[in-house]
Amino acid sequence: MVEKFKIANWNIGGAKYLQEEESKRSKIKYDLNFEINDLIRKRNKPDVITLQEVVRYGKSKNEYEELIDEIEGYRYYSFPLIDTDRLSSKAKWNKIKIIEKNGKKIQNWPKDTYFAQGNAFLFKKELTHVPVWDLRKSSSNKPTEDRHHIEQVNLESGLYFGERGSEPRAPLVAHFLKNPKNQDDKPLDIFVINTHLTTLRMEREGIPEIDLAARKIRSWQIDVIFNGIISRYNRWRRENYEERGTKRILKNWETDNRFEPVWIIAGDFNFIYESVEYERIIKMNFIDLVPSKTIKTKAKGVGNKPTLTLDYIFGGPKFIALDKFVYGKKKTDFTQNIVDDKVEGSDHFPLIASIPIELTPEETEEIPVV
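In terms of our numbering, the sequence shown is residues 1 to 370.
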C-alpha cells in the first residue's frame, strides 16, 4: 500500500484585500475562503497547506479578525511578521487606511485600526504534529497540549521602513510524525518549512544592480534555511541527538531508531526557475515537486494571466530521504503535481503536490546513527 503526503502552497495576497474599498471587502473575503475550501475539496484534502501574505485586522492586537475563516477538520495558525503595534513605520498601513477614489482621498479604515501581515499553516487535525526536537515512537501518541509546535526562524535584515525590501521574513518550521504501515514501525519525521523570501522594488525591471542585490539577499536567506535549519537538525541526528554535548536520555515512549527525515520547503521564493537561487537548491540535492513550468504562478494583479513562476514546493534530500525511503520501489517523476490555474482570489496560483510514501520490509532495517 502506498500512502501519500499531500501539500498545497498559496500566496493569498492578503495585503491587497486590505487595500480594497469597504464595499468590496466582504465579497472578496467570502470568495477567497470559498476558494480555499474548494481547493481542499477538489484536491482530496491536502495534509498541509502553507499560506503567505495572510492578514488580520481589528480594534487591537488582542481583538482582531483573521482573513481566513475556520475550516472544518483543519487547524489554522498565523504568524504576523509586521503589524501596526510592533514596528514604528506606518507607511504601509497609511496607504491602506486612506485610498484615492475619483481624485479624492477617502478614509477606508478607522484611524486606529490594528493591521498585521505574515504567513500561516493549515493542517489536518488528525495529523500528529509535534515539537521540532520530538523523538516519540508512535504517531498515535499525540502531544496532549492543545497548541501548535511551529517554530519561527527570523531573518531580520535591519530596520523596517514600510516597503517590501526591508520587510521582515521568517521561515516557519512544522514537524509531523508518521508510521507508514503499523504503529510499531520505525517512525518517519516530515518537516515542512513555510517561507516567503525577499523581493525588491523595481526588481526584474531591467536594472541589473537591483536584481543582483535581491539575489544576494535571497541567497543569504537560503543559507539560513539549508544551513541553520535543515543541516543543523540533520547534524544533530548524526551526532546521536546530543543535548549540550551529552547523549540525550530517551524516555520509554521515544526512539532514536528512525527513518531519515523528509524535508519539504514551500512558499513564495520570489525567484524565477532559471535563476541562480533555484539552481542552488536543486544542486543541494532537493527536488522541485511541481516540475512542470507550463503554467506560471504569479500575475501582475488579480485576474491577469500569470507571467512568472515564483512559487515552489521542494523536497529532499533526494538520495538520503526521498529516493530510498519515500519513493519505495515505484519511482515517480512528480509530473502529476500541478499549479491550480482555476483560482482567481489572488495574483498567485496555488501549487499542489503529493509525495508517495512506500516503506518495504527490507527498508525498515535500522540505519546506524553515528
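Cβ atoms here follow ideal geometry from the backbone N, Cα and C, with glycine treated the same way.
- Query: Pick from VAL130, GLY103 and ASN270: whose alpha carbon is nearest that of GLU254?
  - Reply: Numbered from 1 along the sequence shown, position 254 holds the residue referred to as residue 254. The shortest C-alpha separation from GLU254 is found at VAL130.
- Hey, quick one: how far does the beta strand (DSSP E) through LYS300 stretch, first residue to last? As a first step, residue 300 must be located in the sequence shown, where it is residue number 300. Run containing LYS300: none; DSSP gives neither H nor E here.
- Message: Suppose the cutoff is 7 Å on Cβ atoms and the five residues either side in sequence are ignored; what does the same chain contact list for ARG258 look like?
- Response: Reading the sequence shown from its first residue, position 258 is the one you call residue 258. Correct list, in chain order: LYS186, PRO187 and ASP189.
- Item | Inter-residue Cα distance where the pair is LYS293 and ASN108 | Counting from one through the sequence shown, the residue named residue 293 turns up at place 293. Counting from one through the sequence shown, the residue named residue 108 turns up at place 108. Cα to Cα, the separation comes out at about 39 Å.
- Neighbour-count burial assignment, ILE357, 16 or more Cβ in a 10 Å radius: Position 357 of the sequence shown, counted from the start, is the residue given in the question as residue 357. ILE357 is buried by the Cβ-count criterion.
- Query: Does the distance from the C-beta atom of VAL55 to that of PHE123 stay below 7 Å?
  - Reply: In the sequence shown, counting from the first residue as 1, residue 55 sits at position 55. In the sequence shown, counting from the first residue as 1, residue 123 sits at position 123. Going by C-beta atoms, VAL55 is not nearer than 7 Å to PHE123.
- Query: Which whole-angstrom value is the C-beta distance of ALA174 and VAL262, which I expect to be below 8 Å?
  - Reply: What you label residue 174 is simply residue 174 of the sequence shown in a count that begins at 1. What you label residue 262 is simply residue 262 of the sequence shown in a count that begins at 1. Between VAL262 and ALA174 the Cβ distance is about 13 Å, and since that is not below 8 Å, they are no contact.
- Item | GLU243 burial status per 10 Å Cβ neighbour count (16 or more: buried) | Here residue 243 corresponds to residue number 243 of the sequence shown, with the count starting at 1. Answer is exposed; the Cβ neighbour count stays below 16.
- Scan the stretch 168-197 and note each continuous alpha helix (DSSP H) run of 4 residues or more that stays entirely inside, going in chain order. Taking only runs of at least 4 residues, no alpha helix (DSSP H) segment lies wholly in the stretch 168-197.
- Query: Which residues does DSSP pair with HIS129 in a beta bridge?
  - Reply: Counting from 1 along the sequence shown, the entry for residue 129 is found at position 129. Paired residues: PHE176.
- When you compare only the Cα positions, how much space is there between GLU279 and SER60? For the purposes of this step, residue 279 is taken as residue 279 along the sequence shown, with counting starting at 1. For the purposes of this step, residue 60 is taken as residue 60 along the sequence shown, with counting starting at 1. Between GLU279 and SER60, the C-alpha separation is close to 43 Å.
- Between which two residues does the alpha helix (DSSP H) carrying LYS24 extend? For the purposes of this step, residue 24 is taken as the residue at position 24 of the sequence shown. According to the DSSP assignment, LYS24 belongs to the alpha helix (DSSP H) that extends over 22-42.
- Among ARG136, VAL153, SER231 and ASP323, which residue has its Cα nearest to the Cα of LYS251? Mapped onto the sequence shown, residue 251 falls at position 251. Here the closest residue by C-alpha is ARG136.
- Does the beta-carbon distance from ASN119 to PHE79 come in below 7 Å? Taking the first residue of the sequence shown as position 1, residue 119 is located at position 119. Taking the first residue of the sequence shown as position 1, residue 79 is located at position 79. Against a cut-off of 7 Å, the Cβ pair of PHE79 and ASN119 comes out as a contact.
- Query: Quick one: what does DSSP say GLN336 is sitting in, helix, strand or coil?
  - Reply: What you label residue 336 is simply residue 336 of the sequence shown in a count that begins at 1. It is coil, neither helix nor strand.
- Using CA coordinates, which residue listed in LYS4, GLU344 and ASN234 is at the minimum distance from THR297? Walking along the sequence shown from the start, residue 297 turns up at place 297. When each option's Cα is compared against that of THR297, the closest is GLU344.
- Item | Beta-ladder partner(s) of LEU81, from DSSP | As a first step, residue 81 is located in the sequence shown; it is residue number 81 there, counting from the start. Note: LEU81 sits in no beta bridge, so no partner.
- If you draw a straight line from the C-alpha of GLU100 to the C-alpha of ILE106, how long is it? If you number the sequence shown from 1, residue 100 lands on position 100. If you number the sequence shown from 1, residue 106 lands on position 106. Near 6 Å, if we compare the C-alpha coordinates of ILE106 and GLU100.
- In the structure shown, what three-state DSSP assignment does GLU365 receive? Locating residue 365 in the sequence shown gives position 365, where the first residue counts as 1. In this predicted model, GLU365 has a pLDDT of only 45, less than 50, meaning its place in the structure is not dependable enough to derive any value.
- DSSP beta-bridge partners of SER354: Position 354 of the sequence shown, counted from the first residue, corresponds to residue 354. SER354 pairs with LYS6.
- Message: Could you compute how far the alpha carbon of GLU20 sits from the alpha carbon of ARG235?
- Response: In the sequence shown, residue 20 corresponds to position 20, counting from 1. In the sequence shown, residue 235 corresponds to position 235, counting from 1. Taking the CA atoms as reference points, GLU20 sits about 47 Å from ARG235.
- Query: Do you know how far the Cα of LEU18 is from the Cα of ASP347?
  - Reply: Numbered from 1 along the sequence shown, position 347 holds the residue referred to as residue 347. Numbered from 1 along the sequence shown, position 18 holds the residue referred to as residue 18. Roughly 14 Å separates the two Cα atoms.
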